[in-house]
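Before any comments, here is the structure.
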Ligand SMILES: NC(=O)c1ccc[n+]([C@@H]2O[C@H](COP(=O)([O-])OP(=O)(O)OC[C@H]3O[C@@H](n4cnc5c(N)ncnc54)[C@H](O)[C@@H]3O)[C@@H](O)[C@H]2O)c1
Ligand SMILES: [Zn+2]
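In UniProt numbering, the protein residues as written are 1 to 683.
In C-alpha cells form, the structure reads like this:
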C-alpha cells in the first residue's frame, strides 16, 4: 500500500466510524452490528500503526465515541470515563495476558472477571452518604447531569445507611431489564407505535429523556462495578466490590476472582450460555487486573485502561432458508410482514419465524423466496434477518413484491407519506381490526374483562351478537349461555367446537358489570386511539379531566400538554372527529362507564398497617408490585424505597437482589413473604 492509498483509506474509515458513532451515541439508532463496527475500528488502528504519520490527534481510535447533549447541564468528570479495549478472540486475550505479565514483570497477579452488561455507563457521586449527582459518560471528559432520571432507578440508593467516606464515586451500567423491555414493546405495539430497537440503545435514549415520570415508568435498573475516591481505602478491585455490596449497591452476583488466564477462559465459556438466563443483556466479559497497585503500574492509553479488556461474544447467528412471507394485520390496520423460515436452532431455541418490520426492510435486504438468510437473536424476542447469502441464491429468483391488498379483507392498502408501514384503511369491516380493537379494550390493563377469551369473542362476532366494544354492555346471560365457538389446537393443527357453560357465562357478565368501575384514564386507554398507550392516556385524562374537554380540545391545546407531540395530538383529534367513534363513546357513557377523573378520596380498607413502613422487592405472584403498594397504602401503611434501620418490614418476592437481603438481615429488619403479608392484613 502506498502512502497515498493509506491516507485515503484512513480518511475513509475515519468518516465511516464517525458516522456510525453519531448514529449509535447521539441518535441511539445504529445501522450496523457492534461486530461490524469493531472491525472498522480495528482496520483503522492497524493502518494507523503501520502509518503513524497519518494518525490524527482526534482520530476515533484516540477518544471515547460519545458526546454531551444540549438538554442537560454539563459536568466535568473528576476521573475520566474511558472506553475498554476489546477483542473477539481467545488468542488475542492470551496475548493481552502476556502483555500484562511483561508490564508487571511478575507472574504474581490475579484477575477479576465480570460480565459486560450491555447498557450505558453512569457515574454516581455521593457526599456524606447522600447521592448528589448522576452523570453520563458523555465524551469521556464531561457528561450530562441526569440526576433526576437516575433517581427513578429504584436500586440506586439515595442515601447510604452505614458509615462511608465523605465523598466517593460509584460507576455502573444502567440497563433495560429484558422483562421490562418486552413489556414496554408490547405496549408500544398495542398502541400502534414502532417498538424500541434494542435494550441498550433504548436504555441510553431513556436516560436522556426530559420527563422523569416516563423514565420511571420504564423501570430501568443498574449494576454497579466500580468505586473511586481519595479516601476510599482499598487495595484491590475485589475489596471495592465488597464495599459496594456492604453499602447496599446492586452488584451483579456473577463476578469471579481468577488466579490465571485459564480460569478466565473457563469463566468466559461458562457464561457464554448461562448469560441468557440473566435479567439483563450482556455482550461479553470484562477482565480486570485485581490489584490497584498493579493497575497503576500498567496505566492507560488515550482511550482505555491497559489493565482491563473486554472479551466480546459474537452475536449468535444461524443460516436457514426463507420459505415464505406472511402478512399480519393489527388492530390499527398496520400490516407487518413476517418471514417463515425453515426451522433452525439458535441460542438454544428453534426459530421458525423472523420479524421483517416493513416493506423498506425487505427491500433493504433484497429478499427473495428460497434465499438462504442469516438470522440473529438480539435484544428482541423474535429474531431478525441480518443478511442474505448471495452465493447460494436460487437462479431466476425475483425480489419479493409487497402485497397491494389486505390479506384479510382484500381492501387496497395505503401507505402514508413518511410512514414505514402499509395500512388497511377498512377499519369498520376488516375482521382482525374489529377483533383486535375489542381484545385491546378487554385486556387486563384496560377494562379487565379478560375472562372473555379470544375464541368466545370470535364466536360473539360470528353470530352477530356484537359489532364493537360498546356492544359488550348490551350482552345478556342468555346471549352467552351455550354460545358456540371454535377452539384451535396448536398440537393437532385443527379447530374443534365448544360451547360456553353457565358458570363461564355468568363470570363474563360479572366482569363486564365490574368493568364499569374502571377509572377514566383506563377507559381512555381502552378506546384504542392510535399512539395513546397507558402513559399517554393517564396524562391526557389528568390534564383534561373529562371526555368532553378532551373531545373539544384543539390541536394546539393538545400539543401544549407536556410530552404530547403532534403525532399523538393529530391521532386524538382524528379519532374524535369520526361520527362512528362519537357514537361509540355515547353508547359507553349510556352504559355507565367513567368518562371523567374521580376526585380521589383514597380508598381505605383498614388501619392495620398504620405507622408501619415497607420496602418491597422482587417478583410477586398474587399482586403486581403496584397492587402491593396500593394494598399497603389502603391499609394505612407507608411504602419507602430504601432499607434503613427505621424500616419495619421488607416484603420479599422472588429474585430479589442479594444485596438488599443482606442489608436487611444486617439491620435486623423483619423479612416477610407475600403470603405472610396477606396474613398481616387479614389477621
Ligand atoms: N453498531 C455501531 O454502529 C456502533 C457504533 C459505535 C460503537 N459501537 C459499540 O459500542 C462499543 C464501544 O463503546 P465503548 O467505547 O463504550 O466501549 P465498550 O462499551 O465496549 O466498553 C466500555 C463500557 O463497558 C461498560 N461496562 C459494562 N460492564 C462493565 C463492567 N463490568 N466493568 C466495566 N465496564 C463495563 C461500561 O459502560 C463502559 O463504559 C463497542 O462495543 C462498539 O461495537 C457500535
Ligand atoms: Zn383489511
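For glycine and all other residues, C-beta sits at the position ideal for the given N, C-alpha and C.
Am I right that residue i and residue j are in contact with their C-beta atoms under 8 Å? What's the rounded C-beta distance?
i	j	result
residue 667	residue 643	7 Å
residue 31	residue 40	About 12 Å; that fails the 8 Å criterion.
residue 122	residue 171	7 Å
residue 119	residue 188	Incorrect: roughly 19 Å between the Cβ atoms, too far for contact.
residue 68	residue 138	4 Å
residue 251	residue 224	6 Å
residue 211	residue 431	Not quite, the Cβ-Cβ distance comes to about 38 Å (not below 8 Å), so this is no contact.
residue 217	residue 535	6 Å
residue 329	residue 433	7 Å
Would the C-beta of residue i count as close to ligand 1, meaning under 7 Å from any of its heavy atoms?
i	result
residue 415	no
residue 678	no
residue 591	no
residue 286	yes
residue 135	no
residue 27	no
residue 65	yes
residue 120	yes
residue 21	yes
residue 448	no
residue 238	no
residue 86	yes
residue 47	no
residue 117	yes
residue 485	no
residue 173	yes
residue 310	yes
residue 34	yes
residue 30	yes
residue 37	yes
residue 557	no
residue 473	no
residue 91	no
residue 225	yes
residue 24	yes
residue 73	no
residue 204	no
residue 83	yes
residue 9	no
residue 514	no
residue 193	no
Answer yes or no: do residue i and residue j have a C-beta to C-beta separation smaller than 8 Å?
i	j	result
residue 445	residue 286	no
residue 387	residue 365	yes
residue 143	residue 64	no
residue 160	residue 221	no
residue 651	residue 595	no
residue 480	residue 509	yes
residue 305	residue 82	yes
residue 321	residue 288	no
residue 73	residue 28	no
residue 157	residue 231	no
residue 346	residue 375	yes
residue 477	residue 529	no
residue 59	residue 2	no
residue 355	residue 325	no
residue 335	residue 207	no
residue 488	residue 469	no
residue 362	residue 337	yes
residue 482	residue 500	yes
residue 461	residue 435	yes
residue 37	residue 7	no
residue 178	residue 279	yes
Please check if any C-beta of chain B sits within less than 8 Å of the C-beta of residue i.
i	result
residue 604	Of the chains in the structure shown, none is chain B; there is only one protein chain.
(message) Please give me, in chain order, every unbroken run of the beta strand (DSSP E) with length at least 3 that falls completely inside the stretch 586–670.
(response) If we require 3 residues or more, the beta strand (DSSP E) runs fully inside the stretch 586–670 come out as 613–617 and 649–652.
(message) Extract the residue ranges of the beta strand (DSSP E) inside the stretch 145–180, only unbroken runs of 3 or more that lie entirely within it.
(response) With a minimum length of 3 residues, the unbroken runs of beta strand (DSSP E) contained wholly in the stretch 145–180 fall at 167–175.
(message) Going residue by residue through the stretch 487–560, where are the continuous alpha helix (DSSP H) segments of at least 4 residues, counting only ones entirely within it?
(response) If only complete runs of 4 or more residues are kept, the stretch 487–560 shows the alpha helix (DSSP H) at 502–514, 520–526, 534–544, 547–552 and 555–559, in order along the chain.
(request) Anything with a beta carbon under 6 Å from a heavy atom of ligand 2 counts; list them all in chain order. (result) In chain order, the hits are 329, 406, 408, 409, 411, 424, 426 and 430.
(message) So within the stretch 318–347, which uninterrupted beta strand (DSSP E) runs reach at least 3 residues, ignoring any that extend past its ends?
(response) For the stretch 318–347, whole beta strand (DSSP E) runs of length 3 or above, ordered along the chain, are 335–346.
(message) Suppose only complete runs of 4+ residues qualify. What are the alpha helix (DSSP H) ranges in the stretch 224–249, listed by chain order?
(response) Listed in chain order, they are 237–246.
(message) If we require 3 or more residues per run, which beta strand (DSSP E) segments fall completely within the stretch 359–445?
(response) With a minimum length of 3 residues, the continuous beta strand (DSSP E) runs that stay inside the stretch 359–445 are 372–376 and 384–388.
(request) Could I get the ranges of all uninterrupted alpha helix (DSSP H) runs contained in the stretch 57–124, with 4 residues as the minimum, in chain order? (result) Counting whole runs of 4 or more residues, the stretch 57–124 contains the alpha helix (DSSP H) stretches 90–104.
(request) Go through the stretch 243–295 residue by residue and report every complete run of the beta strand (DSSP E) that reaches 3 residues or more, in order. (result) Taking 3 residues as the shortest admissible run, the stretch 243–295 contains the following complete beta strand (DSSP E) segments, listed from N- to C-terminal end: 256–258 and 282–289.
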